[in-house]
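Novice: Sequence positions in the sequence shown follow our numbering and run 1349 to 1857. From the three backbone atoms N, C-alpha and C, an ideal C-beta is built for every residue, glycine too.
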Amino acid sequence: MIDEESKVPLYTQLYERLKADILSGTLKPGAKLKSSRAVSMELHISRNTVELAYGQLFAEGFITSVQRKGYYVETSDMEMFRQCDACNCADTCNCSGDCVCSGVCNCSGVCTCETCNCEKPGEEPAREDITYDFRRGRILPSELPCGQWQRLICRCFQDYREDLAHQESVFGEAGLRTEIQKFIHNYRDVNCTPEQIVVTTGTQFCLDIACQLLKSADKGQAIAMEEPGDDRSRTTFQNNGLRICPMALDRHGADIKSLAAANTAAAYVTPSHQFPTGVVMPASRRKEFAAWAEHRDAFIIEDDCNCHFQHGVRPLPAVQSLCADRVFYIGSFSDLLFPCAGVSYMVVPQTMLDRLHRRLDNHAPFVSFLTQKPLELFMKEGRWESHLRKMRKIHKAKCETLVNALRNRFGSSIYISGFHAGLHLLVQAKWPVKEEELVGRAREAGVGVYPTSRYWSRPDRGRSGTVLLNYGGIAHQDIPDAVERLYEAWHENKHGAIKDVDTGSFALS
C-alpha cells in the first residue's frame, strides 16, 4: 500500500488509496476508518502522515469526523459522486415550484423532481451585446445548489423560529464560526479558535476591519501590496488613508526584498493564487514572509479567497499556519456559493481581539441569520465539501478546455498564464496591440474579455496587450465557440492577419 521509494509523498499515496477504496465501494458508507495510531503502527509510518491523509479526505467530503469516535466514510452522496464521475452535470435541482426534489442526478444534465419532473432553469440572459461573458465573479446559475439552499431556509423557519427574532453576536453565529474554524483548520491548516472569526458581507469589509485594527495599533500608516494586485483591495486601503508601497513580483509571487525597501509594518498578499497573475507562492517564500513579520513586529493580511481551485497544483498550508499571531486570514464563500450573498470571514490575530471587541461590540450583525444559519447547516451536514468537490471537477474541466482551445486556435501568437489555480487566466497577444483594442474587438464579436491595466498602481505600466478571461460564468459547451469568436475578432487587425511578434511576456520570470 505504501511505496517508500516512490517520489509521491507517503500521505498522498495513503490518501489516493483510501479515496479509491471509498469510490469503488471497498470501504462502505458509514464504515469506521482505523485510528491514525493503528494505521501508523501497521504501515510503519508517522501518525502525522496518516492525519494529513485523513485531513485531506475530510476536507474533500469523503469522510466525516465524529467527536471522540474517529473518522467514518461519508454516507450522504458517495453514490451520486460515483454516478457523476464521468460527466459534468449538476447534482441538485433548482426547481422553484412546490414539489419535493429528489436531488438525484441522472447524468443527462437534468435533475428531476419526485412530483413534478421539472427541469433546471437555464442560465440568466446575457447582456444584449455580449453572448459569452468572461467577467470576473460570475458563476452559472445551474451550478448553484439552489434546491438544497431553499430547503435549508425552510428548515430555519421550522426548527429555529425563535432565533429569527434576534441576532446576538456581531461577529457571527457561534455554530457557523465553529464550522468555519473546523474547515479552515482541516483544509488550510489555519490555527485559530471560533472566537477569532468574524463573519462579514464581503472581502472588502474584512479589509476595512483589518485596516482599522492596524491603525489603532499604530501599524497602519502604510501597507505593502503586490504589484500588480487586486484593484478593489487597493481602493479599500486608499479609502482607509493608507499609503501603498508596491511589492514587485517574481515567479514565486511577492518579492520579500521589496518589504525591506518599503519599510512598512503590514503587507497584503494573495499566496494561493496571486491576482491577477495566478502565481502560487511556494512554501519557502511563505516562510520568508512569516519570518519577516516576526522579526519586524509586523502583520500580514492573507487574502486566501482564491484557494479553492488548484488545477494540478498541490494546495499548500496558509501563511497563517506559520505565524498565527501575525496574520489576518481572509476567506470567502462567494466564488463558489451565491456571489449575491457575499459571505466572507476573517481570522483576527489573538493579540488584536481586545481591540476588535472595543471597536465592534455594539455594532449590529453584518450578515443576516437567514444567510448564516443555512450556511452553517450546509457545512455541518457535509454539503459544502460535496459542493466544493463538484465545483472543482467542473471548473478544472472548463480550464483545460479553454486552454486547449486557445492553444489550438491561436498557436504561438498568444501567451497564456495563470491557469494552474483560481477561475481565470490571462491571455497576452504577441503582436503589437493595446488591451483596449482586444477588449473592443472581442465585444464586437459578442465576447466579454477584460483589461488588466487596472490592477497596476500605474495603469500605463500594465498596457501590454493582456486581457483577463474568467471562465466561472461560461458553460463548458460554449467555450469552443467563444474562442472561435475571439480568433475571428483578433485575427484581422489594421495591418491584416496576426503578426507573430514577441513583445515580452506579462508572465513573471
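(1) Go ahead and pull the three-state DSSP assignment for threonine 1360.
(2) May I ask which residues mark the beginning and end of the beta strand (DSSP E) holding asparagine 1534?
(3) Measuring CA to CA, which of Arg1416, Lys1417, Leu1381 and His1392 is closest to leucine 1405?
(4) Can the beta-carbon of alanine 1614 be found closer than 7 Å to that of leucine 1561?
(5) So, tyrosine 1798 versus leucine 1786, is the Cβ gap smaller than 7 Å?
(6) Got a sec? Which residues, its chain only, sit under 8 Å from leucine 1597 by beta carbon, not counting five neighbours each side?
(7) Whole angstroms are fine: how far does the CA of glutamate 1733 sit from the CA of glutamate 1408?
(8) Would you give the residue range spanned by the alpha helix (DSSP H) that tyrosine 1835 belongs to?
(9) Which partner residues of tyrosine 1677 appear in the DSSP bridge assignment?
(10) For the beta strand (DSSP E) containing alanine 1613, list its first residue and its last residue.
(11) So, for serine 1388: in the same chain, excluding its five sequence neighbours on each side, which residues have a beta-carbon less than 7 Å away from its beta-carbon?
(12) Leaving out five residues before and five after alanine 1689 in sequence, what residues of the same chain have Cβ atoms less than 6 Å from its Cβ?
(13) My guess is that phenylalanine 1657 and leucine 1723 are in contact by the Cβ rule of under 8 Å, so how many angstroms apart are they, rounded?
(14) Tell me, to the nearest whole angstrom, how far the beta carbon of cysteine 1559 is from that of glycine 1568; I am working on the premise that it is less than 8 Å.
(15) Let me know the alpha helix (DSSP H) ranges lying completely inside the stretch 1565-1647, each 4 residues or longer, listed in chain order.
(16) Are three or more beta carbon pairs between the stretch 1514-1523 and the stretch 1705-1718 nearer than 8 Å?
(17) So threonine 1479 and valine 1775 are supposed to be a Cβ contact under 8 Å. How far apart are they, rounded?
(18) Note down the Cα distance separating leucine 1913 from isoleucine 1822, rounded to an integer number of angstroms.
(19) Output needed for isoleucine 1500: all residues of its chain with C-beta closer than 7 Å, excluding positions within five of it in sequence on either side, in chain order.
(20) Do you know offhand how far arginine 1731's Cα is from lysine 1376's?
(21) Pull the bridge partners of valine 1775 from the DSSP assignment, please.
(22) What residue does the alpha helix (DSSP H) around glycine 1495 start on, and which one ends it?
(23) What number of angstroms, rounded off, separates the C-alpha of threonine 1526 from the C-alpha of isoleucine 1545?
(24) DSSP beta-bridge partners for tyrosine 1798?
(25) Quick one: give me the first and last residue of the alpha helix (DSSP H) that glycine 1418 is part of.
(26) For histidine 1772 and isoleucine 1649, what's the separation of their Cα atoms in angstroms?
(27) So for valine 1667, helix, strand or coil by DSSP?
(28) Hey, could you find the ends of the alpha helix (DSSP H) valine 1751 is sitting in?
(29) Please report the straight-line C-alpha distance between asparagine 1534 and glutamate 1642, rounded to a whole angstrom.
(30) Which value, in whole angstroms, describes the spacing of the CA atoms of glutamate 1510 and cysteine 1504?
(31) Checking 7 Å against the spacing of the C-beta atoms, do phenylalanine 1482 and asparagine 1752 come in under that value?
(32) Would cysteine 1655 and serine 1606 qualify as a contact pair, given that the criterion is a beta-carbon distance under 7 Å?
(33) Give me the Cα-Cα distance between serine 1729 and glutamate 1792, rounded to the nearest whole angstrom.
(34) Would you list the one or two residues that DSSP bridges to serine 1413?
(35) Going by other Cβ atoms of all chains shown within 10 Å of its Cβ, with 16 needed for buried, is aspartate 1652 buried or exposed?
(36) Can you give me the C-alpha to C-alpha distance between glutamate 1593 and aspartate 1579, rounded to a whole angstrom?
Specialist: On the basis of the data shown:
(1) helix
(2) Note, asparagine 1534: premise wrong, no beta strand (DSSP E); alpha helix (DSSP H) at 1522-1536.
(3) Leu1381
(4) No, the pair does not count as a contact, with Cβ atoms beyond the cut-off.
(5) no
(6) Glu1574, Glu1575, Pro1576, Asp1603, Gln1622, Thr1625, Val1627 and Leu1856
(7) CA-to-CA, the gap between glutamate 1408 and glutamate 1733 works out to about 5 Å.
(8) 1827-1839
(9) Tyrosine 1677 is bridged to Glu1650 and Val1695.
(10) Looking at the DSSP string, alanine 1613 is not in any beta strand (DSSP E), and its letter there is neither H nor E.
(11) Ser1394, Arg1395 and Val1398
(12) Thr1719
(13) About 20 Å separates the two Cβ atoms, so there is no contact after all.
(14) 6 Å
(15) 1579-1587, 1605-1610 and 1631-1644
(16) yes
(17) Incorrect: roughly 18 Å between the Cβ atoms, too far for contact.
(18) What is shown of the chain runs 1349 to 1857, which leaves residue 1913 out entirely.
(19) According to the sequence as given, residue 1500 is leucine; it is not isoleucine. Contacts found: Pro1722, Leu1725 and Phe1726.
(20) 19 Å
(21) Answer is Ile1764 and Val1815, bridged to valine 1775.
(22) 1494-1507
(23) 9 Å
(24) Leu1816
(25) Taken as a continuous stretch (DSSP letters only), glycine 1418 belongs to no alpha helix (DSSP H), being part of the beta strand (DSSP E) at 1418-1421.
(26) Going by C-alpha positions, histidine 1772 is about 22 Å away from isoleucine 1649.
(27) The answer is helix: DSSP assigns valine 1667 an H, G or I state.
(28) 1731-1758
(29) 24 Å
(30) 10 Å
(31) no
(32) no
(33) For the record, residue 1729 in the displayed sequence is glutamate; it is not serine. So the two alpha carbons sit approximately 46 Å from each other.
(34) Tyr1419
(35) buried
(36) The sequence shown places cysteine at residue 1593, rather than the glutamate named in the question. Whole-angstrom Cα-Cα distance: 14 Å.
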